[in-house]
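> Encoded as structure tokens, here's the structure I'll be asking about.
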Amino acid sequence: MEVNKQKEILAITGMTCANCALGIKKHLDKKGVKDVSVNFATNQATFTNDEQYKPKAVINLINELGYKAKMKTDEFEDSGISSIEKKFFFTLIFTLPLFSHMFLPKEIFLQNAFVQFFLCLP
């Protein structure tokens, strides 16, 4: 019986570097999943759907490694604010006072080197 072999796309969360993607690819290759490609930049994995490995089985293999995977659909959208956006807004709180002292006409506590140093730490 011929199974419909088609490319499946999974969305993966939890990858922090290219080695994470390489580790997932090697693990899936070792388990026998066909035509595996894992892209760290897009947080996606693609593979060929066959008799042995359906999408649910591949998702379980990826989840075993500690990452979260789910089927990527056309209307797939991330909900909420991404971690990069959270970091941006957090650092913006400390960056604005650092820049604001340059535009104020008189000396204020923000011109103190230690205050500026502590604003730069986070």
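Residue numbers (my numbering): 155 to 276.
We put the beta carbon where it would ideally sit given N, CA and C, even for glycine.
Apart from the five residues just before and just after F268, which ones in its own chain have a Cβ nearer than 6 Å to its Cβ?
Residue numbering aside, residue 268 sits at position 114 when the sequence shown is read from its first letter. Excluding residues within five positions, none has a Cβ falling inside 6 Å.
> Just to confirm, does I262 get its C-beta within under 7 Å of one of the non-hydrogen atoms of the ligand HEM?
Among the ligands in the structure shown, none appear at all, so the ligand HEM cannot be discussed.
> For V269, which three-state DSSP category applies?
Within the sequence shown, numbered from 1, the residue matching residue 269 stands at position 115. Reduced to three states, the DSSP call for V269 is helix.
> Going by beta-carbon coordinates alone, are K226 and Q198 separated by less than 8 Å?
Taking the sequence shown and counting its residues from 1, one reaches residue 226 at position 72. Taking the sequence shown and counting its residues from 1, one reaches residue 198 at position 44. Cβ distance < 8 Å, so K226 and Q198 count as in contact.
> Taking the continuous alpha helix (DSSP H) assigned at A172, which residues delimit it?
Sequence index remark: in the sequence shown, residue 172 carries index 18 (1-based). From DSSP, the alpha helix (DSSP H) with A172 extends over 172-185.
> Hey, how far is the Cα of M169 from the Cα of F194?
Numbered from its first residue, the sequence shown carries residue 169 at position 15. Numbered from its first residue, the sequence shown carries residue 194 at position 40. So the two alpha carbons sit approximately 7 Å from each other.
> Is the beta carbon of Y221 closer than 8 Å to that of I178?
As a position in the sequence shown, residue 178 is number 24, starting the count at 1. As a position in the sequence shown, residue 221 is number 67, starting the count at 1. Contact: yes.
> For A195, which of helix, strand or coil comes out of DSSP?
As a working note, residue 195 is residue 41 in the sequence shown. Here A195 sits in coil by DSSP.
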